[in-house]
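Engineer:
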Amino acid sequence: MVGERVYRHGVTARTAHWLWALALLVLVMSGLQVFNADPYLDASDKSDPHKRVLGFTAAMQNGEPIGMTTIFGVTFNTTHFLGYTDDGMGAESERAFPAWVTFPGTQDLADGRRWHFFFAWALFVAFVAYLISAALRGTLREMILRPSDLPKLVPMQLYYLRLRRDPPPHGTYNPLQKVAYTVVLFVLFPLLIITGLALSPGVDAAFPWLTVILGGRQFARTWHFTLMALLLVYFATHLILVLTTGMWNNIRSMITGWYTLKEHDGVGP
Amino acid sequence: MKRRLFVASSLASLGLSACGPIKDSLTNGPFRSVVFSAERLNQSVIGTHGMAREYTDADVDREFRLDSLDTPSDATYTGLLKSGFRDYRLVIDGLAERPQKLTLAELRAAGDRTQITRHDCVEGWSAIVKWRGVPLATVVAMAQPKPAARYVIFHCFDRDQNGQPYYESLGLHQAAHPQTVLALDLNDKPIDPAHGAPVRLHVATQLGYKSAKWVSRIELVASLAGTFGGTGGYWEDQGYEWYAGI
């Protein structure tokens, strides 16, 4: 089995994967551009400084401008990184997120919104197409966490921490991978789409209960931002594991579809 | 492994430093019109359906944030303001069978709707405000739009620093929405000058920039192309979406 080449990712899955990568990159960066226009998150319906969860401002301190980040009422000096940052025009100014993480780089709410909406559609279409294709091919079953995986979660974590010699026997994906993929596909993606839609006054008029269940429109904005942060945590983990568990094999399999089985790798659900 | 991580991080930092020029060429390149086409998709999928949530007096923000061009300071507007808008006339013309010139009293008499709705700014903030005024549909109907009329354009008293006037527009379907009102009162008082006195539009189903302040004239037109930048609004001419339901 070890060394055997298996066709792991179909063409729809591979296309969807790289489209998601591109779309999510643009969505995060254009989202931060949009966020910069009013860099506050409240746990409320209307804007309410008393229910502020996160906020970025600039101020003067000893004649020098500083950037400040306030999380749950606790303020940190984050000059140059958050609050008072690179404006993309060779200077620094009052700006929550710096130009190098926003799209477009310079302050441009109108374009930021347009790119955000275009790639939101791209993500949505690729997501639905992938789910249908993966369900039909049967590969979705290999990724979804099932009750029999639960007892394997701790042993798998121990293996990653090098406290256990072998991982528990598993199929194509190990139980922790299944947790990650299940959460991303069935929790993060759908909730990102729903909380994003709740920010639209047109959608809110058609479905007034949407902001109600999310705790209000500003709360929906807070959820949307939080889910983005969770997705970035997933992305960092994903990247580290791709790089450290057979980088070329992993990357090649997502380009050509063919994957070479390593020790402990299984096949199937 | 360390070497690989070093290569990866070097590539990443190289990518970041090249980002500025890449971003510039993307935002101004031919892909731009493709990106802009998402607006049509948003409009056809979301559109103008249902009713915006209405709130109670207890939810109202007594201090409604100002976020617009400055209050007009030209002779026409200040003259009207000094006389308590006695000589103000709301003009409704263009492709109309019966163009109108309405005094504030006539406008008040034309219809009466009160709504407490959430005002969502394109920048991100929201406020809850009480509006009272006339449904726009009533006023448009008084002017009897000709069959060719497809849009209503709102001409306003305010101008930016370059002298560019503010204006906005809605499709007739959006104009007919019951929560699209020509507001005369804000939080139980006649609208103050800074918030758009004497008449401002309020579009409850779209973002705040559609809700034009200081409305002086409503023009019925067949196309938006002939007015100012041709995209149907002051902010639209600067790249914002005409359909602001998202």
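Which chain is which? The protein sequence lines are A and B, in order. Oh and the first sequence: position 254 is 1701 in my numbering, straight run, nothing missing. Oh and the second sequence: position 53 is 99 in my numbering, straight run, nothing missing. Where a beta carbon is used, it is the ideal one built from N, C-alpha and C, also for glycine.
1) Among A1569/A, V1680/A and R1452/A, whose alpha-carbon lies nearest the alpha-carbon of H1464/A?
2) Identify the continuous beta strand (DSSP E) that holds E1539/A and give its terminal residues.
3) Show which residues of chain C have a CB atom less than 7 Å away from the CB atom of M97/B.
4) Around the C-beta of Y280/B, are 16 or more other C-beta atoms found within 10 angstroms, so that it is buried, or is it exposed?
5) Using the Cα positions of A305/B and K259/B, report the straight-line distance between them to the nearest angstrom.
6) Looking at C-alpha atoms only, which residue of T1707/A, L1678/A and D1489/A is the closest neighbour of T1629/A?
7) Assuming A1505/A contacts G1530/A (C-beta within less than 8 Å), just tell me the rounded distance between them.
8) Less than 7 Å between the C-beta atoms of Q225/B and A98/B, yes or no?
9) What number of angstroms, rounded off, separates the C-alpha of L253/B from the C-alpha of Y286/B?
10) Hey, could you find the ends of the alpha helix (DSSP H) Y1577/A is sitting in?
11) Give, in chain order, every unbroken run of the alpha helix (DSSP H) that is at least 4 residues long and sits entirely within the region 91 to 139 of chain B.
12) On the CB-based measure, 16 or more other CB atoms within 10 Å of its CB, does L87/B come out buried or exposed?
13) Note down the Cα distance separating Y101/B from I162/B, rounded to an integer number of angstroms.
14) Find out if the Cβ-Cβ distance for the pair P181/B, R159/B is shorter than 7 Å.
15) Between the region 275 to 286 of chain B and chain A, which residues of the former have a C-beta closer than 8 Å to a C-beta of the latter?
16) Which class does P211/B belong to by DSSP, given the choice of helix, strand or coil?
17) Taking only the alpha-carbon atoms, compute the straight-line gap between M1590/A and T1703/A and give it to the nearest angstrom.
18) Using a Cβ cut-off of 9 Å, pull out every chain B residue sitting near Q1665/A, in sequence order please.
19) For G1535/A, collect the residues of the same chain with a Cβ closer than 7 Å to its Cβ; drop the 5 residues on either side in sequence, then sort them by chain order.
20) Taking F1636/A as part of the alpha helix (DSSP H), name the residues at either end of that continuous run.
21) Establish whether the CB of W1467/A and some CB of chain B are separated by less than 7 Å.
22) Counting C-beta neighbours from all protein chains within 10 Å, is the total for H223/B 16 or more, i.e. buried, or is it exposed?
23) Using the Cα positions of K128/B and E214/B, report the straight-line distance between them to the nearest angstrom.
24) Please decide whether D1558/A counts as near chain B, where near means a Cβ-Cβ distance under 7 Å.
25) How many Å lie between D1485/A and N1524/A at the Cα?
26) Using a threshold of 7 Å, state whether the C-beta atoms of V245/B and K256/B are closer than that.
27) Please determine, among T1692/A, G1450/A, L1472/A and K1493/A, the residue with the shortest C-alpha to C-alpha distance to W171/B.
28) What residue does the alpha helix (DSSP H) around Y1607/A start on, and which one ends it?
29) Please state the DSSP three-state secondary structure of G179/B.
30) Hey, does G1502/A have any beta-carbon neighbour from chain B nearer than 7 Å?
31) Is it buried or exposed for K192/B, if we count other Cβ within 10 angstroms and need 16 for buried?
32) What did DSSP end up calling V1500/A once you bin it into helix, strand or coil?
33) What is the residue span of the beta strand (DSSP E) that P1512/A lies within?
34) Any C-beta of chain B within less than 8 Å: which residues of the region 1493 to 1527 of chain A qualify?
35) What's the gap between the Cα of K1599/A and the Cα of Y1681/A?
36) Excluding the 5 residues preceding and the 5 following V106/B in the sequence, name in chain order all residues of the same chain whose CB lies nearer than 7 Å to its CB.
Structural biologist: Per the coordinate set shown:
1) A1569/A
2) E1539 to E1541
3) Absent from the structure: chain C. Protein chains present are A and B.
4) buried
5) Any answer about residue 305/B is impossible in this case: the structure gives chain B only from 47 up to 292.
6) L1678/A
7) 5 Å
8) yes
9) 11 Å
10) L1556 to R1584
11) 121 to 128
12) exposed
13) 5 Å
14) yes
15) W281, Q284, G285 and Y286
16) strand
17) 19 Å
18) G170, W171 and S172
19) A1546, G1552 and T1553
20) F1636 to L1644
21) no
22) buried
23) 26 Å
24) yes
25) 19 Å
26) no
27) K1493/A
28) L1600 to Y1607
29) strand
30) no
31) exposed
32) strand
33) E1511 to I1518
34) K1493 and S1494
35) 20 Å
36) I162, I174, V175, K176 and N233
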